[in-house]
Each structure stands twice: as C-alpha cells, then as structure tokens.
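Presented below is the structure to which this report refers.
In this note's numbering, the protein residues as written are 307 to 436.
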C-alpha cells in the first residue's frame, strides 16, 4: 500500500523472536513485504545462536519478553554482551513503569505493546534503526 511507503526498508535484516508461531509468521510476512530480510527464532536460545552466526548481517532484533527456554530479558542481556551497540525492540503484552524500566535496563531501546498493528511494528523498527 502506498500509504506506508515511508516504512519501506533499505534491505536491513531483522531478527524476530517470538514463541507464538502465528505472531512470528505474520510479523515475518509484514517485514518481508516492506523489504526487510528476516530471520526468525522461537526463543532466546535459538536467537542467540542465529545472532552469533549472522552478527554482521542483523541490524535490529525484535523480541517477545515472555518465552519458554529463554525469555526476552535474558536474551537482551546476552545479545548486549555480544554487541553493546545492538538495536533491540522488546514486545510485551503488559507494559507499566516497572516493566519499562526493566526492559530498558536489559537493553531494549524501544518497547512495543502487544498486540501491535502493522504501523506500530514498522515505526518501532524505523525508530530503533535511526
């Protein structure tokens, strides 16, 4: 759609981390439609592995907070130890002042409230890449 032209990527690669298949698949489709290249992971452990292999390619990470195996907070801390300059968006179904503080402390630059719209997802990514 021409209305969202401003969101079109210049080919950046996003690592998308969510344990819910539906959310992961929809977000993947949306991002690819806007010219992003996407890697997906089902949990933090998988995400660390992919990030380690593709570190030179990945521009930003979008991660869910509540996931089995390894959640978003632990994931963000590990990713930040690998790359202190990493760009991270944390997607959370619950957001209050404490949660926001914890997510920012763990390394999230942008916090995205779930469920998110296409616009909110795209503008969060644009914001974190600036």
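C-beta: ideal position from N, C-alpha, C; glycine also.
Using a 10 Å radius around the Cβ and a threshold of 16 neighbouring Cβ atoms, would you call residue i buried or exposed?
i: residue 370; result: buried
i: residue 399; result: exposed
i: residue 320; result: buried
i: residue 349; result: buried
i: residue 336; result: buried
Straight-line CA distance for residue i to residue j?
i: residue 323; j: residue 425; result: 19 Å
i: residue 422; j: residue 387; result: 28 Å
i: residue 358; j: residue 313; result: 27 Å
Please list, in chain order, all residues of the same chain as residue i whose beta carbon is under 6 Å from its beta carbon, the five residues on each side excluded.
i: residue 333; result: 322
i: residue 433; result: 416
i: residue 409; result: 396 and 417
Ordered along the chain, which non-local residues of its own chain (more than five positions away) have a Cβ less than 8 Å from that of residue i?
i: residue 308; result: Reliability fails at residue 308, whose pLDDT of 43 lies under 50, so the model's placement of it is uncertain and no value is given.
Practice problem: May I ask you to verify whether the segment 338–356 touches the segment 395–411, counting CB pairs closer than 8 Å and requiring at least 3? | Solution: No, the segment 338–356 does not touch the segment 395–411.
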